[in-house]
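So the protein sequences, as listed, match chains A and B.
Numbering (my numbering) for the first sequence: 4 to 412.
Numbering (my numbering) for the second sequence: 4 to 412.
For every residue, glycine included, the Cβ atom is placed at its ideal position computed from N, Cα and C.
Predicted, not measured: the structure shown is a model, and the values here were computed from it.
Protein chains: 2
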Amino acid sequence: MALVVGEPEGVNEDSGVASQEILIVGGGIGGVAAALALCRQGRKVTVLERAPEFKEVGAGLQMAPNATRILRSWGVLDQVLEMGVQPKRLIFRDAVTGEQLTDADLRGEFAERYGAPYVVLHRSDLHAILVEAARKAGADLRTNADVVDVETRDDVARVRTSDGTVYRADVVLGIDGLTSSLRRKVSGDEVVASGYVAYRGAIPMDEALDVDDRENVVVYLGPECHMVQYPLRAGTMFNTVAVFKSPSFSRGEFVPADQQELQNAYSDCIPQVQRALLNLWKTVSWPMYDREPIDNWVDGRMLLMGDAAHPMLQYLAQGACQAIEDADAFDRISASVTDPHEWNAALAEFNSTRADRTARVQRTARTWGEAWHVNTPLPKLLRNLLFKSRKDEDTRYTDWLYGADSIST
Amino acid sequence: MALVVGEPEGVNEDSGVASQEILIVGGGIGGVAAALALCRQGRKVTVLERAPEFKEVGAGLQMAPNATRILRSWGVLDQVLEMGVQPKRLIFRDAVTGEQLTDADLRGEFAERYGAPYVVLHRSDLHAILVEAARKAGADLRTNADVVDVETRDDVARVRTSDGTVYRADVVLGIDGLTSSLRRKVSGDEVVASGYVAYRGAIPMDEALDVDDRENVVVYLGPECHMVQYPLRAGTMFNTVAVFKSPSFSRGEFVPADQQELQNAYSDCIPQVQRALLNLWKTVSWPMYDREPIDNWVDGRMLLMGDAAHPMLQYLAQGACQAIEDADAFDRISASVTDPHEWNAALAEFNSTRADRTARVQRTARTWGEAWHVNTPLPKLLRNLLFKSRKDEDTRYTDWLYGADSIST
């Protein structure tokens, strides 16, 4: 990676840029996943992270087979399995009545059909595994690097950070998340506020209250709210996510974690769900946003990936999975690039390969969330009957998302 | 049947009343069905009909196995099958896209499971068969008899008609339909306007336009509208029912058949559905009403049955079927009555036997109608997915309604 400190803008230094060099903006799960994939391919990769260290915040995260298949190809699945838990089943219950709505196998035939396991683990564990692997594979991971602009001239991308440093690369991957500053290069769109807020908690198992189920993912569906519970770190931790329609967030305000608002949102739910709110962290909450799908992620030699390209609501638990798919897709597409001039076609191919699929995931996640949160009798009845009609052998709702064929299109 | 013309009110003439006599108010399908069942049992039965003849208006009607099983036990099923059509399948389609949503077997395993056929026939044909059979069985069918009141004194019911005639009977069955005047004896409730209006048409098959399917019941589900099509009279007639939310009826007005309102209601539907509106009668329409379930149908020796007791929206096609179940249930319960004093217990037993079931049918019919008519994206998606998830071997939605066990409880 050619690093030129303080290069004045406009100076043509193309001769100093080594070919095949890739610069990644953003050191989250998507960024380090892409770095790992591309380093394994033999590319020279630099990752610029704004924060002072490569570290993820948050709680648990779900890795579906469409992502774990890729983690295995990168040689990190064993570590992921070691740090995570493979839940037996995904169980949905009505949060108001407690009634079980459906109970989906996540091992056995499911894992066999999709050729890879379903795993839940701590976000920071996944991130750490990917950072370590990317480093070992040769990625140059840099912190405190706050990118302010990317420009392409003569097939060279120039990346400027807030301290005046200018990096040059054949390709810049903008993987800087929901609030991506690089997205402004391709779209003037804004994030879309869902009105829903997530509270999370990943706490030691022996401190968690009312843990009935230590081996499954359990989802309670309530009116304008839901709760997800699963174990983490080989069952030594318990993860809880509570997501609800926040009156303050819906009004456009942002109110920091508000215990009263949280309690109120679950007041119609069974006591077990209400008590489980005590397993959440008290002082932090995550307002939930996504964006409308856009067609174009490319500006010159810059390409958006991950949440920067297609941020989604978390109802399908696919945010990180889709970022991993992106990394894998870009790895495959770029594998044949030997001449720097071929990058333009590679970026376009990635865009056309991935846009429809990720747009579908974005849209389906929204709809899935709506279906979870219905609060009027008829839609609730239809939703519950639909869930109860599901059978393990009916794979129509999962094949498009988890199936191996679904990704390579 | 003791008939006393011009008996002054208040005169005690109990001695003149023969025991075991039953008077039925209302000569529609429910009334003549009850008359048939009770005459077969050896009861003396008089039916009073307000109209100048025993005749049904309307178009087609569906007889599900819960009713055809009973028609068979009365010895009239062969005639019904001869006049009707046994559809092969019940097919639901999305009226806006034309997509098939589900396709339910109505013969084979279905008929076997429920021990009786599914038949569609003309209302007037079913009515005529029942009238003829009731007459043959000894029922006294009287027209132009407009009942104005029923009173019970000393275990004798006195029925007064508008011309001053007073009838006395051990039991009066009030089967005088949705707008039952006798219901006022047990409830001050009002009919509930659904806002939906039905247009019907039963026309010769060779005059019907765009008949693609002559052997099934086809239902198109649209936003705030639906359409049902099936053949009648051994396939020589074609029956169409269009039901939609009428703006004028929803405002509380009653507007006679309005072609413009009809066309507007189906304007989002596929051309095939819009053209099929031409198969409807032009000058008649039926605003649709039901009532809330009530607990008590008994006042002295008067008992409500059929629509007078539990009027329902037609979405389960169970109005006539439930009236036939009523007739059968009353027949069974009254079979053991030998002493007139036992009637009080028999009426109470009928009430307690039938109230929960018919209330469930009333409520489910409403919900079923709501599910058919959804007009917003998420409920429509859930409804369509639910319909598409249905399988013939899944009998959970029909067992409670059509199963033999369902009725005898």
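Would you kindly report the start and end of the unbroken beta strand (DSSP E) that includes residue i?
i        : result
B/Asn234 : Inspection of the sequence shows that residue 234 of chain B is occupied by Pro rather than by Asn. Counting along the chain, the beta strand (DSSP E) containing B/Pro234 begins and ends at 228–235.
A/Gly177 : 174–177
B/Ala160 : 159–164
A/Met291 : 289–293
A/Glu24  : 24–28
B/Phe257 : Careful: B/Phe257 lies outside any beta strand (DSSP E) and carries neither H nor E.
B/Lys47  : 47–51
B/Tyr202 : 195–207
A/Asn242 : 240–248
B/Ala107 : 103–108
B/Arg399 : Taken as a continuous stretch (DSSP letters only), B/Arg399 belongs to no beta strand (DSSP E), as it is neither H nor E.
Drop a sphere of 10 angstroms on the beta-carbon of residue i, count the other beta-carbons inside from all chains shown, and report buried for 16 or more, exposed for fewer.
i        : result
A/Phe257 : exposed
A/Gln103 : exposed
B/Ile178 : buried
A/Tyr405 : buried
A/Asp97  : buried
B/Lys47  : buried
A/Gly238 : exposed
A/Gly9   : Confidence at A/Gly9 is low in this model, with a pLDDT of 44, below 50, so the placement of that residue should be treated as unreliable; the coordinate-derived value is given next. That one is exposed.
A/Lys285 : exposed
A/Ala320 : buried
B/Thr379 : exposed
A/Arg399 : exposed
B/Arg187 : exposed
B/Gly78  : exposed
A/Ala151 : The amino acid occupying residue 151 of chain A in the given sequence is Val; Ala does not appear at that position. Classification for A/Val151: exposed.
B/Ser428 : In the structure as shown, chain B starts at 4 and stops at 412, and residue 428 of chain B therefore has no counterpart that could be examined.
Can you check whether the C-beta of residue i is within less than 8 Å of a C-beta belonging to chain A?
i        : result
B/Leu385 : yes
B/Trp403 : no
B/Gly19  : Caution applies to B/Gly19, whose pLDDT of 36 falls short of 50 and renders its modelled position unreliable; the model cannot decide the point.
Between which two residues does the alpha helix (DSSP H) containing residue i stretch?
i        : result
A/Ala312 : 309–312
A/Met86  : 80–86
B/Glu264 : 262–268
B/Thr356 : 346–375
A/Ala119 : Here A/Ala119 belongs to no alpha helix (DSSP H), and DSSP marks it neither H nor E.
A/Val60  : Careful: A/Val60 lies outside any alpha helix (DSSP H) and carries neither H nor E.
B/Gly34  : 32–43
B/Thr155 : No alpha helix (DSSP H) holds B/Thr155; the beta strand (DSSP E) holding it covers 150–156.
A/Gln325 : 322–337
Residue i and residue j look like a contact to me (Cβ under 8 Å); what is the Cβ gap, rounded to whole Å?
i        : j        : result
A/Arg145 : A/Glu52  : 7 Å
A/Leu280 : A/Gln263 : The Cβ separation is near 12 Å, so there is no contact.
B/Tyr292 : B/Val195 : 6 Å
B/Val28  : B/Ala38  : Between B/Ala38 and B/Val28 the Cβ distance is about 11 Å, and since that is not below 8 Å, they are no contact.
A/Gly87  : A/Leu124 : 3 Å
B/Val99  : B/Asp359 : Not quite, the Cβ-Cβ distance comes to about 37 Å (not below 8 Å), so this is no contact.
A/Leu224 : A/Phe95  : 6 Å
A/Phe247 : A/Ala268 : 4 Å
B/Ala326 : B/Met308 : 7 Å
Would you please verify whether the beta carbon of residue i is less than 8 Å from any beta carbon of chain B?
i        : result
A/Ala374 : yes
A/Pro382 : yes
A/Val370 : According to the sequence provided, residue 370 of chain A is Thr. The question's Val does not apply to it. Closer than 8 Å: yes.
At 9 Å on the CB atoms, spell out the chain B contacts of residue i, in chain order.
i        : result
A/Thr100 : Ordered by position in chain B, no residue passes the 9 Å Cβ test against A/Thr100, which lies about 17 Å from the chain.
Along chain B, which residues have their Cβ under 8 Å away from the Cβ of residue i?
i        : result
A/Ile155 : Just to set this straight, residue 155 of chain A is Thr in the shown sequence, not Ile. Those do not exist, as A/Thr155 stays about 40 Å from chain B at its closest Cβ, beyond 8 Å.
Residues of chain A with CB closer than 8 Å to the CB of residue i, please, in chain order.
i        : result
B/Ser392 : Leu389, Ser392, Arg393, Asp397
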